[in-house]
Amino acid sequence: MTAAGVADVCVFAVSARDLAEEMRRLQNHAAVVIDLDLKDAPAFDLIGRARAHSPTMGVLALDLAEGADRTLRALRSGATGVVGAMATRQEMLDALRAVAAGRRFVQASSLTSLIDQISGQASEPSHEDLSNREYQTLCLLARGMRLVDVADELSISVKTASTYRARLLDKLQLRTNADLIHYALMNGVGVTGAAARLRGGPPTERQ
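Residues 1 to 207 in the UniProt record's numbering are what the sequence shown spells out, letter by letter.
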């Protein structure tokens, strides 16, 4: 089938679960689009698995939150292109054609944010050094999730989720969940652009 009158673009939609179960068939497709906010699978892990199963296939990451840290992590995980919520229909088509042809594509707005972040990186501990699972745990904790909910979301044990939290505190040199939430807000991790612009003191830690 074709996409809205564009003869050279064929679009097929599947859930993350279907995609994970049918990795062996990915070599039949020129490109796959993966939403970074998938609810039924960790997106960064899925990007890596897709690339591992089909190294020549293009992987386009859809980042509706348009966070520079997410763009960089998607690229590090194996994405060959990234587009955000503000992408026009033409930009989306250009991105699909580029990654399907083996080229890289980063939307202009995402590229600008990415350059700004890289240019402004300091020597203090950075969430860019976190593993994908540690980063995902940080994003979920930043949303106010309990460890049991984080474990359920990532399909891991509560003990493992607790281990990831401990690693986060150690690597980022923080002490409490409130510190993690404040760090996430100040650095735009796992939150919307509007929330990332909030400024103020860290929230009070609940006993």
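Ideal Cβ positions, reconstructed from N, Cα and C, are used throughout, including at glycine.
Values in this document were obtained by computation on a predicted structure and should not be read as measured data.
> Name the DSSP bridge partner or partners of A31?
Replying inline: G58
> Ordered along the chain, which non-local residues of its own chain (more than five positions away) have a Cβ less than 8 angstroms from that of A151?
Replying inline: S157, V158, T160, A161
> In whole angstroms, what is the alpha-carbon distance linking L31 and S109?
Replying inline: Here residue 31 is Ala; the residue named in the question, Leu, does not match the sequence. Cα-Cα distance, rounded: 22 angstroms.
> Can at least three beta-carbon pairs, one atom from the segment 159-179 and one from the segment 123-142, be found at a separation below 8 angstroms?
Replying inline: yes
>> Which of the three DSSP states is assigned to D170 in this structure?
In response: helix
> Residue range of the alpha helix (DSSP H) that V189 falls in?
Replying inline: Per DSSP, V189 belongs to no alpha helix (DSSP H) and is neither H nor E.
> Can you list, in chain order, the residues of its chain whose CB lies under 8 angstroms from that of A87, leaving out five sequence neighbours each side?
Replying inline: A95, Q107
> By a C-beta neighbour count over all protein chains shown, 10 Å radius and 16 as the cutoff for buried, is T56 buried or exposed?
Replying inline: exposed
>> Quick check on the DSSP output: what are the complete beta strand (DSSP E) runs of length 3 or more inside the segment 61-103, in order along the chain?
In response: 81-84
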